[in-house]
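Peer 1:
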Amino acid sequence: MELIFSFSLQIGDYKEVNYVLDLYKASMIKARDYGHSIKLYGCDFTLEYLKGYYDSKVNISNIDLLITDDLKMYIHSVEPAGSITFDGDIILNSKLVINKSADIVFERRERMRHRIQGKKHYMPPLLKIFSKYKVGKHIHNFNYNELRYYNVGVLCFRTEQIKNSFLDAYYNIRKFYLDTIEPKEKLIPKNIIVSSMLTQYYFACIVNTNNIECDFTLRNSENSYMHYMGEFKLIKKIIDPILSIIDKRPLI
Numbered sequence: 001m002e003l004i005f006s007f008s009l010q011i012g013d014y015k016e017v018n019y020v021l022d023l024y025k026a027s028m029i030k031a032r033d034y035g036h037s038i039k040l041y042g043c044d045f046t047l048e049y050l051k052g053y054y055d056s057k058v059n060i061s062n063i064d065l066l067i068t069d070d071l072k073m074y075i076h077s078v079e080p081a082g083s084i085t086f087d088g089d090i091i092l093n094s095k096l097v098i099n100k101s102a103d104i105v106f107e108r109r110e111r112m113r114h115r116i117q118g119k120k121h122y123m124p125p126l127l128k129i130f131s132k133y134k135v136g137k138h139i140h141n142f143n144y145n146e147l148r149y150y151n152v153g154v155l156c157f158r159t160e161q162i163k164n165s166f167l168d169a170y171y172n173i174r175k176f177y178l179d180t181i182e183p184k185e186k187l188i189p190k191n192i193i194v195s196s197m198l199t200q201y202y203f204a205c206i207v208n209t210n211n212i213e214c215d216f217t218l219r220n221s222e223n224s225y226m227h228y229m230g231e232f233k234l235i236k237k238i239i240d241p242i243l244s245i246i247d248k249r250p251l252i
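Mapping of the sequence shown onto our numbering: residues 1 to 252, in sequence order.
1. Where K51 and Y201 are concerned, what is the direct C-alpha to C-alpha distance, given to the nearest angstrom?
2. If you count every other CB in all the chains shown that lies within 10 Å of the CB of M1, and 16 or more means buried, which is it?
3. Could you compute how far the alpha carbon of T217 sits from the alpha carbon of R148?
4. Alpha carbon to alpha carbon, how far is K15 from L234?
5. Tell me which residues share the same chain as Y171 and place their Cβ nearer than 8 Å to its Cβ, disregarding the 5 neighbours each side in the sequence.
6. For F232, which residues of its own chain have a beta-carbon under 7 Å away from its beta-carbon, when the five flanking residues on both sides are left out?
7. Mapping DSSP to helix, strand and coil, what is P241?
8. Do the region 127-144 and the region 178-185 meet, that is, are 3 or more Cβ pairs less than 8 Å apart?
9. Suppose the cutoff is 8 Å on Cβ atoms and the five residues either side in sequence are ignored; what does the same chain contact list for N18 look like?
10. How would you call V66, buried or exposed, if buried means at least 16 neighbouring beta carbons within 10 angstroms?
11. Starting from Y149, follow its DSSP beta bridges and name the residues at the other end.
12. If you draw a straight line from the alpha carbon of I192 to that of D70, how long is it in whole angstroms?
13. Report the residue from L198, F5 and S244 whose alpha carbon sits nearest the alpha carbon of I84.
14. For H227, list the residues DSSP reports as bridge partners.
15. Look at Y53 and K30 and say whether their C-beta atoms are less than 7 Å apart.
16. Only counting the same chain, and skipping five residues up and downstream in sequence, which positions put a Cβ closer than 6 Å to that of E213?
17. Considering Cα atoms alone, identify which of T209, R111 and I75 is closest to G136.
18. What residue range does the beta strand (DSSP E) around I38 cover?
19. Start and end of the beta strand (DSSP E) containing K57?
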């Protein structure tokens, strides 16, 4: 089973790029250990830095990207239904199993109100901003009542019809955000990951409003892995032991 990784300097969510891409190396090594092939969508720098760790590549240096999940959504727009995008901060402990009967598979459900490394999560304030601009009035299926959002660290659509409906929804709310909210709030220069609302929260709205059958890899008892989300991937006392496997494995 092929896993599709992605990274571009154009999005620029992380300052310690080499350190983060070293985690990608570890993730790719473990994925290969369990029989997965690796496809990488990346910019020139990413493709060169990770050379030897992937089986096939797509250069996206000429693709315009602005929001974090732009690249992931682009991948699904050009890859067939059933393709699996996979975050490079997930370290497998067993072969990844995907429920192919579900209409859409996410990585996990997240609570709207929780703390990350002692800091309040930015999702509730972000939802308040979206409410201020009455997004639900303009965007079909968007509401302000979801208690959880769906992490897209793993993402797979069962059919072309389902995939295209979610992609259309993403590009629609993305346009509304960039036309209406970003010019006034300027959240992107503040490094606020607005895609958490445009994909993870909004996709949860769509799923729950339409009773779409979804599943989560984290809830599948056959799966075993760690997802070092957000700031966790920058805590060196946690990540350095993981990165040690890179030195023990030759390039392929």
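Built from N, CA and C at the ideal position, the CB exists for glycine as well.
What you are looking at is a predicted structure, and each value in this text was computed from that prediction instead of being measured.
Peer 2: Straight from the coordinates:
1. As the crow flies, the alpha-carbon of K51 is around 34 Å from that of Y201.
2. Exposed, by the Cβ-count rule.
3. Distance between the alpha carbons of T217 and R148: 16 Å.
4. Annotation: K15 to L234 spans about 10 Å, alpha carbon to alpha carbon.
5. Take Y171, set aside five residues on each side of it, and the residues of its chain with a beta-carbon closer than 8 Å to its own are M73, in chain order.
6. So the list reads I238, once near-sequence residues are dropped.
7. In the structure shown, P241 sits in a helix (DSSP, three-state: H, G or I).
8. At 8 Å Cβ cutoff, the stretches touch.
9. Excluding the 5 residues flanking it on each side, N18 has same chain C-beta neighbours closer than 8 Å at Y49, in chain order.
10. The identity of residue 66 in the sequence shown is Leu, whereas the question assumes Val. It counts as exposed.
11. Under the DSSP definition of a beta bridge, Y149 partners with E110.
12. Cα to Cα, I192 sits roughly 15 Å from D70.
13. Of L198, F5 and S244, the residue nearest in Cα terms is F5.
14. Beta-bridge analysis with DSSP links H227 to I90.
15. Taking 7 Å as the cut-off, the beta carbon of Y53 is found no closer than this to the beta carbon of K30.
16. Cβ neighbours of E213 beyond the five flanking positions: A102 and D103.
17. In terms of Cα proximity to G136, the closest of T209, R111 and I75 is T209.
18. Unbroken beta strand (DSSP E) run through I38: S37 to G42.
19. First-last of the beta strand (DSSP E) with K57: S56 to N59.
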